[in-house]
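Residue numbering for the first sequence follows this note's numbering, beginning at 1 and increasing consecutively. Where a beta carbon is used, it is the ideal one built from N, C-alpha and C, also for glycine.
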Amino acid sequence: MRLPALLADQRRLRRVLSSSSSPTLATLTRLHALLIVSSSNHLLASLAAAYARAGALDAAESTLATSPASPSSIAAWNALLAAHSRGGSHRTALRVFRALPPAARPDSTTFTLALSACARLGDLAAAESIKGRAFEAGYSKDVFVCSALLHLYSRCGAMGDAVRVFDGMPRRDRVSWSTMVAGFVSAGRPVDALGMYRRMREDGVEGDGVVMVGVIQACAATGDAQTGASVHGYILRHGMRMDVVATTSLVDMYAKNGKFDVARRVFRMMPYRNAVSWSALISGFVQNSHADEALDLYRELSTSGLQPDSGAHVSALLACADMGLLKLGKSIHGFILRRLELHCILGTSILDMYSKCGSLESAEKLFDRVSSRDLVLWNAMIACCGTHGRGHDALALFQELNKNGINPDHATFASLLSALSHSGLVAEGKFWFDRMSKEFGIEPAEKHYVCIVDLLARSGLVEEANDLLASMQTEPTIAIWVALLSGCLNNKKLELGENIAEKILESRPEDIGVLALVSNLYAAAKKWDKVREARKLMKDSGSKKVPGYSLVEVHGMRHMFVMEDQSHPQHQEILKMVAKLDSEMRKMGYVLRTEFVYHDLEEGVKEQLLSYHSERLAIAFGLLNTSPGTRLVIIKNLRVCGNCHDAIKYISKIVDREIVVRDAKRFHHFKDGACSCRDYW
DNA sequence: TTAGGGTTAG
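This is the structure we're talking about:
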């Protein structure tokens with residue numbers, strides 16, 4: 001295109017700027033020079049809009065700022081705002097909005113874009129004044145402005161305000177409805193989300209892929225697989241277009257609801273998958289205790305040519321943590337360091353993996369390396385200290401957190417109280433339990449009461465714990481009574497224990513673990529008829545007692561042991577090792593504690609039952625297959641019994657090894673005939 | 001010519 005010709009023909013110039021084809025940046029720059037000469041405001045505004053669409057935002061802004069504003073220039077300002085929001089520069093968009101010259105009167109589009117920027121930033125305060133201006137300008141019923149407000153309020157957790165705006169809208173379209181559906185989902189109100197969807201259909205509005213994402217997420221959250229499947233059926237019958245995002249939400253819903261076959265099928269049939277689709281499927285497996293399958297999928301993803309994203313790594317790390325796969329967890333950590341930036345979610349997952357795999361040192365090292373720590377990361381480190389029996393360290397971290405000006409939350413106090421409890425720091429525990437509401441405004445919830453009851457009971461203060469529960473505003477929940485009951489059992493406060501057991505039985509619990517505890521209490525009190533009653537309830541509840549198992553990682557491979565399982569190729573050697581250790585322990589003064597068998601059995605049988613618990617088999621196997629001095633890490637799905645706890649102390653001395661046992665609640669570090677925890681329970 | 005959507009940490 002020859003420039004003199006353009007200058008000569010203003011109409012042609014206008015045509016270039018308004019055509020749907022996008023002129024190149026070089027063309028725009030040349031036009032700019034010519035327009036300054038011809039000084040047409042209208043054309044300058046069009047040029048600025050074209051700059052914005054071409055991504056030259058600075059040029060767009062300076063063009064607008066240097067030419068006189070007019071009502072017609074607002075379209076160009078809108079183009080600039082839209083370009084900033086497309087690029088995720090919401091702060092800049094707001095700055096531009098605030099700097100609008102008075103002559104350029106904002107319209108519906110301007111307000112919509114500005115409010116949308118506030119929504120993305122979660123900035124309610126900034127939004128309020130924009131909303132005021134929009135309403136003054138007569139846009140209070142505008143469907144776009146209102147939808148932007150709906151989005152704003154639901155992102156800021158103000159669903160009440162969203163509902164008010166929604167109810168006042170004279171006209172709603174699919175976007176307004178879907179914003180409400182998604183809003184209720186993220187507010188943790190999936191039932192309301194499904195109700196919204198129903199109302200939308202009654203209103204005669206057809207859903208699309210985006211609406212269905214909200215509906216599907218709601219089904220995932222309620223755990224209602226049937227509704228989920230019927231929604232899926234509806235989508236198929238209506239031939240609804242489902243892109244990769246919508247289909248991923250289906251995969252996620254089926255996986256979360258434990259419908260693995262369907263999840264896999266939907267996933268395999270996707271014409272196009274991305275890293276998020278993979279992550280959704282993998283996390284579904286992990287969350288349903290299928291760590292093995294999750295890791296298989298993670299390996300498949302790693303060799304598929306797609307780069308695993310942080311979501312996939314996080315799920316894989318969780319799987320490693322579940323099964324105590326330290327070697328694999330470490331290699332994932334290495335992979336992440338080489339390729340990704342270590343943000344807080346990843347950092348927390350890695351820290352948690354090290355903690356749960358028994359490697360307290362690596363967890364600490366990681367915590368020190370993360371420069372910008374968020375509250376979740378702090379909480380994870382405090383929890384890590386707590387489960388590893390480092391109550392003083394947990395308390396020091398908590399105080400450091402306060403010094404850093406970060407506000408602790410309910411999870412911080414749960415971890416702190418639990419840490420103090422396991423380390424026998426009673427005075428500190430009582431102090432912080434008291435301060436959490438008075439100083440930090442956090443009302444103790446069920447988990448905090450469980451911790452404080454446990455803390456008191458561990459120090460023998462069962463009556464004080466009982467008094468505390470009596471002073472509660474609301475009736476203690478079963479979980480809280482259970483904490484007190486186990487305190488009674490461990491302190492041999494059988495009379496009080498029987499009262500509490502009675503209370504628990506009245507509420508007819510179906511939890512097999514709770515019933516087992518009740519039954520054990522009655523057994524300790526030698527109330528055999530009551531034992532029978534509790535056992536009958538256990539049988540009636542239909543749930544099977546979870547069999548105890550122990551895992552040990554040897555040379556990067558995981559081995560599983562179950563009591564009385566004879567299938568292991570080294571079974572005979574393992575039995576010999578257990579017996580050999582047993583006789584050496586006895587020489588050193590170890591006495592079998594048959595009180596941990598809550599069955600009415602002969603002593604000889606009780607001894608047999610106690611000596612071959614799965615953790616003892618796993619330790620024997622570990623000793624046989626690793627070189628002297630190697631640390632052993634055992635993972636047990638249930639609690640370690642008091643007898644094994646005693647025995648492992650002796651074993652650590654006899655074989656001169658550090659033995660780390662992770663049970664259902666915490667870690668035990670055995671070394672030189674002692675354990676890191678004060679008492680086993 | 002503007003408003004809505006997927007996974008993941010304590």
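**Q.** Chain-order list of residues whose beta-carbon lies under 7 Å from that of Leu236 (same chain, five-residue window excluded)
**A.** Once the five neighbours on either side are set aside, Leu236 has no close Cβ partner at all.
(Q) What does the Cβ neighbour count give for Met682, buried or exposed, with the cut at 16 atoms within 10 Å? (A) Outside the modelled stretch of the chain, which goes from 1 to 681, sits residue 682, for which no answer is possible.
Q: Find the nearest neighbour of Ile345 within the set Gly324, Phe135 and Arg373, judged by alpha-carbon distance.
A: For Ile345, the nearest C-alpha among the options comes from Arg373.
Q. So, using beta-carbon positions, are Gly487 and Ala465 closer together than 8 Å?
A. Yes, they are a contact pair.
Q. Val482: which of Val453, Lys492, Met436 and Ser459 sits nearest, CA to CA?
A. Out of Val453, Lys492, Met436 and Ser459, Val453 has the C-alpha closest to the C-alpha of Val482.
Q.
Rounded to the nearest angstrom, what separates Ser70 and Arg86 at their Cα positions?
A. Approximately 25 Å between the Cα atoms of the pair.
Q) In its own chain, which residues sit with a C-beta less than 8 Å from the C-beta of Ser176, not counting the 5 before and 5 after it? A) Excluding residues up to 5 positions away in sequence, Val143, Cys146, Ser147, Leu150, Phe166 and Met169 lie with their Cβ nearer than 8 Å to the Cβ of Ser176 in the same chain.
Q | 4 or more residues per run - each alpha helix (DSSP H) lying fully within the stretch 490-552 | A | Taken in chain order, the whole alpha helix (DSSP H) runs of length 4 or more contained in the stretch 490-552 are 494-506, 512-524 and 528-540.
Q | Residues near Met353 by beta carbon distance below 6 Å, same chain, minus five either side | A | Taking Met353 as the centre and dropping the five residues before and after it, the same chain places the C-beta of Leu317, Cys320, Ala321 and Gly329 closer than 6 Å to its C-beta, in chain order.
Q) Distance, Cα to Cα, Ala114 vs Arg98? A) When the Cα atoms are used, Ala114 and Arg98 turn out to be separated by approximately 9 Å.
Q: Give me the Cβ distance between Asn387 and Ser355, rounded to the nearest whole Å; I'm assuming they're in contact under 8 Å.
A: Checking the displayed sequence, the identity of residue 387 turns out to be Thr instead of Asn. Rounded to the nearest angstrom, the Cβ distance from Thr387 to Ser355 is 7 Å, consistent with a contact under 8 Å.
Q. Per DSSP, what kind of secondary structure is His671 in: helix, strand or coil?
A. Note that residue 671 corresponds to Lys in the displayed sequence, not to His. Strand at Lys671.
(Q) Quick check: what's the CA-CA separation for Ala294 versus Phe335? (A) Answer to the nearest angstrom: the Cα atoms are 18 Å apart.
Q) Gly405 to His90, Cα distance in whole Å? A) In a straight line, the C-alpha of Gly405 is about 27 Å away from that of His90.
Q.
Can you look up Met1 in the DSSP assignment and give me helix, strand or coil?
A. Bear in mind that the predicted position of Met1 carries a pLDDT of just 43, short of 50, making it too unreliable to give a figure here.
Q) When the Cα of Leu610 is compared with those of Cys641, Lys636 and Leu623, which residue comes out closest? A) With distances taken between Cα atoms, Leu610 lies closest to Cys641.
Q.
Can you list, in chain order, the residues of its chain with a C-beta nearer than 7 Å to that of Val262? Leave out the 5 residues immediately preceding and following it.
A. Correct list, in chain order: Tyr254.
**Q.** 7 Å CB neighbourhood of Arg2 in its chain, flanking five on each side removed
**A.** Residue confidence is low: Arg2 scores 47 on pLDDT, short of 50, so the model does not pin down where it sits. Its coordinate-derived value is still stated next. Nothing meets the Cβ criterion.
Q. Between Ile634 and Ile659, what straight-line distance do the alpha-carbon atoms span, to the nearest angstrom?
A. Pairing Ile634 with Ile659, the inter-Cα distance amounts to about 8 Å.
(Q) Tell me which residue opens and which closes the beta strand (DSSP E) that Arg631 is part of. (A) Boundaries for Arg631: no beta strand (DSSP E) harbours it, and the DSSP string shows neither H nor E there.
Q | Candidates Leu456, Thr27, Ala419 and Ala479, of which the one nearest Ala445 by Cα | A | The option with the nearest alpha carbon to Ala445 is Ala479.
Q) Looking only at its own chain, which residues have a Cβ that is under 6 Å from the Cβ of Cys384, when we skip the five neighbours before and after it? A) Result list for Cys384: Ser355 and Ala363, in chain order.
Q. Just the Cα atoms here: how many angstroms apart are Leu6 and Ser186?
A. Low confidence applies here, because Leu6 scores a pLDDT of 49, under 50, leaving its location unreliable; read the following figure in that light. Our two residues, Leu6 and Ser186, have alpha carbons roughly 54 Å apart in a direct line.
Q: Please confirm whether Ile74 and Arg105 have their CB atoms less than 8 Å apart.
A: Yes, they are a contact pair.
(Q) Let's test the definition: count the other Cβ atoms within 10 Å of the Cβ of Asn379 and tell me whether it reaches 16, buried, or not, exposed. (A) By the neighbour-count criterion, in which a residue is buried when 16 or more other Cβ atoms sit within 10 angstroms of its Cβ, Asn379 is buried.
(Q) Assuming Ala524 and Leu494 are in contact, meaning their beta carbons sit under 8 Å apart, how far apart are those beta carbons, in whole angstroms? (A) The distance from the Cβ of Ala524 to that of Leu494 is about 6 Å, consistent with a contact at the 8 Å cut-off.
Q: Less than 8 Å between the CB atoms is what I'm expecting for Leu617 and Thr626, so what's the real figure, rounded?
A: No, Leu617 and Thr626 are not in contact; Cβ-Cβ is about 15 Å, not under 8 Å.
Q) Helix, strand or coil: how does DSSP classify Phe440 here? A) In the structure shown, the three-state DSSP call for Phe440 is coil.
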